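Residue numbers (the numbering used here), protein chains in the order written: chain A, 183 to 452; chain B, 1114 to 1429.
Report on one structure; see the data block that follows.
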Amino acid sequence: MKTRAIQYVVLIGVAAVFLGPLYWLLSTAFKQPTQIYQWPPAWWPHLTWENFSLAWKAAPFDRFFLNSTIITVIGTALKVVNAVLTAYAFAYLRFPFKKILFFAVLGAMMVPGHVTLLPNYLTVATLGWINTYAGLIIPGIGSAFATFLMRQHFLTLPTEVTDAAAVDGAGHLRTLWRVVLPMSRPMLITVVVITAVEEWNNFVWPLIVTNTASMRTLPVGLLILKDEEGLAAWGTIMAGTLLVLAPMLLIFLIAQRYIVGGITAGALKG
Amino acid sequence: MSIVDLPARTHPDERTIADGNDQRKRRRRREYGLFALLVAPNLLVIAVFAYWPIIYNAFLSLTDWNMIAARPKFVGLANYGRTLTDPAFHKTLWITVVFTGLIVVGSLVIGLALAFLFNLPLKGRGAVRTIAFAPHILSGAAVATIWAFIFDPGYGLMRALIEPFGAEPPDWMNNSDWALPGLVIVYLWKNVGFAALIYLAGLQGLPKELDEAAAIDGASTWTRFRSIKLPLLAPITFFLLITTVIGTFQAFDVIAVMTGGGPGDATTTLSWSIYNEGFQAFNAGRAATLSIIMFVILLVVTTVQARVMERRVHYR
């Protein structure tokens, strides 16, 4: 009985460690400035929206939000389409040297993204894509891991179904759209959600490839807000931070099952 | 099963329809064409933005270029010579190793402990597991910003936790002794839930018989942990070790937001110095040299992983 009690204390402690910073963020974002700069700290805010309007005045957060949304939606769509088409081709079609090509796709996972920053910046500059949506999106739409996950999943589908579709005269694209994808819904959702989270959180690439406020994304805009406002405006900064986090927290709460499933599948299948 | 050995699934019309040689050839050509069409966009992006950068880096690392002059000046291996003998580079490498080491050990130990906790029959454990994992999918820049405020020596949450013990709160991010440990705390807070999740999946997949038999034979909880569970979890530990090393080597957003490599060079890791050389000092040759060094280090790590995985695959 005593051990059980200790276990519950530890469990509550763990919850506090992970919730504490998030509560600190949430409460500060809604606190009045005088409450933020008082000691001991106020644990409960006198609710105000002031920090959000201050953040909006300090930096074009509506523009950041728009840019992040565009990049996340289009980038995710293109990357997932790439993954699905490539996975289908490798699972269902014949091609000479297919094995080597598949290794070439998987091998991209061995290239650490950070190592590609400088050359990709120069490539994008050559293409004239600096500070454009194309420059922000295109370099990231190549898919190796998602392709791998999708292909492995396609190979577990029963052949009878795709065979039946072919016998009924369905072409490959029709089979993919009408038979294979509907049977792969959970895996597809997993891939979409994980990709979208990555796109939204991406930091170093948008930092490098954009150079005007109108093209910044939320995470980069946040860094600029923090550097400009400094230590005197934590309320404003926390309001901005909340804007960056809230959409992903929401998606996490809704699609948690798929994210967790995809991540453990990726790990345990190695 | 190796991942690429699986046979292709032929479209059944290849097999069922007995047509002439010509028709079969045409059909096959059409299939090749479709394959190329489906795969080309992905392969093109991968070639240009994942493989070409390695070659481009290798070339740039042999040059001196400020990215403004019309063309890079060829300098041979001078960049490598200078970098490898530079005390500042040695310090950067050391900081990277310490940072990575602390995070690897922290993630594995705390992650395993949390996994055991979440595996106990406690009410609410699922919710706490979710809460602990949530920071993993949040923006690193945003998480770092929250913690910058928490570490604020004047009005941050840390002061409220430290002061009751009669200690003075340090100025975490502006103190060269505290900045790196501060970053480690933030990084662990963000990512330890991932290790916990993977370990938990591993724990739940362990065969119960062995553990139960040992318990009947009178083995203590500690012995059972050390001699049964830990060895069975070894492949998972290994997987986490590799992924954490690769991830931490490239850690950037938390450093960029919280310290910018400082104070001084106290948190200048390899990933920060690549950014610094390339995009603040505009020294393409040096940045490319550092990129190649990082690439080689991580390539060795991944190759070791591939080798070990091939030899012992304990888990499914």
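Positions of the beta carbon are idealized from the N, C-alpha and C atoms, including for glycine.
As the structure is a computational prediction, the values presented were derived from the model and not from experiment.
Q. Less than 8 Å separating the beta-carbons of I312 of chain A and F1392 of chain B?
A. no
**Q.** Reduced DSSP category for T1416 of chain B - H, G, I as helix; E, B as strand; rest coil
**A.** helix
**Q.** Contacts around S1115 of chain B, its chain only, beta-carbon distance under 7 Å, and the 5 residues preceding and following it disregarded
**A.** Residue confidence is low: S1115 of chain B scores 44 on pLDDT, short of 50, so the model does not pin down where it sits. Its coordinate-derived value is still stated next. For S1115 of chain B, where only same-chain residues beyond five positions count, there are no Cβ hits under 7 Å.
Q. What number of angstroms, rounded off, separates the C-alpha of F1362 of chain B from the C-alpha of P364 of chain A?
A. 39 Å
Q) Does DSSP put T1176 of chain B in a helix, in a strand, or in coil? A) strand
Q.
Tell me the residue span of the alpha helix (DSSP H) that contains G210 of chain A.
A. In the sequence on display, residue 210 of chain A carries Thr and not Gly. Start and end: 184–211.
(Q) Please classify R398 of chain A as buried or exposed, where buried requires at least 16 neighbouring CB atoms within 10 angstroms. (A) buried
Q: Using a Cβ-Cβ cut-off of less than 8 Å, list which residues of the stretch 1360–1385 of chain B approach chain A; keep chain order.
A: F1362, Q1363, F1365, D1366, A1369, V1370, S1384
Q) Is the stretch 1410–1418 of chain B close to the stretch 1343–1357 of chain B, with three or more CB pairs under 8 Å? A) yes
Q. So which of A:M292, A:L193, A:A326, A:P227 has the shortest CA-CA distance to V1413 of chain B?
A. A:M292
Q: Specify the secondary structure class of F1187 of chain B as computed by DSSP and reduced to three states.
A: strand
Q | Neighbouring residues, chain A, relative to L1235 of chain B (Cβ below 7 Å) | A | Q189, Y190, L193
**Q.** Host alpha helix (DSSP H) of A1314 of chain B (start-end)
**A.** 1292–1317
Q) Hey, H354 of chain A and Y303 of chain A: beta-carbon distance below 8 Å or not? A) no
Q: Select from A:E342, A:R439, A:S366, A:A347 the residue whose C-alpha is nearest the C-alpha of H335 of chain A.
A: A:S366
Q | N-terminal and C-terminal residue of the alpha helix (DSSP H) that K1342 of chain B is part of | A | Segment: none, K1342 of chain B is in no alpha helix (DSSP H) and carries neither H nor E.
Q | Classification of M183 of chain A by the beta-carbon crowding that lies within 10 angstroms, buried from 16 upward | A | exposed
Q. Mind pulling the chain B residues with CB within less than 8 Å of P222 of chain A?
A. A1273
Q: Mind checking which residues open and close the alpha helix (DSSP H) that includes L299 of chain A?
A: 299–308
Q.
Quick check: what's the CA-CA separation for A211 of chain A versus W231 of chain A?
A. 8 Å
Q.
Closest to Y1152 of chain B by C-alpha separation, out of A:A421, A:V379, A:Y270, A:V375, would be which residue?
A. The sequence shown places Val at residue 1152 of chain B, not Tyr. Selected option, being the one with the closest Cα: A:Y270.
Q. Taking 8 Å as the CB-CB limit, is W1291 of chain B close to chain A?
A. no
Q. Among B:M1407, B:W1207, B:K1342, B:I1181, which has the Cα closest to the Cα of T308 of chain A?
A. B:I1181
Q: Check whether the Cβ atoms of I1159 of chain B and A447 of chain A lie closer than 8 Å to each other.
A: no
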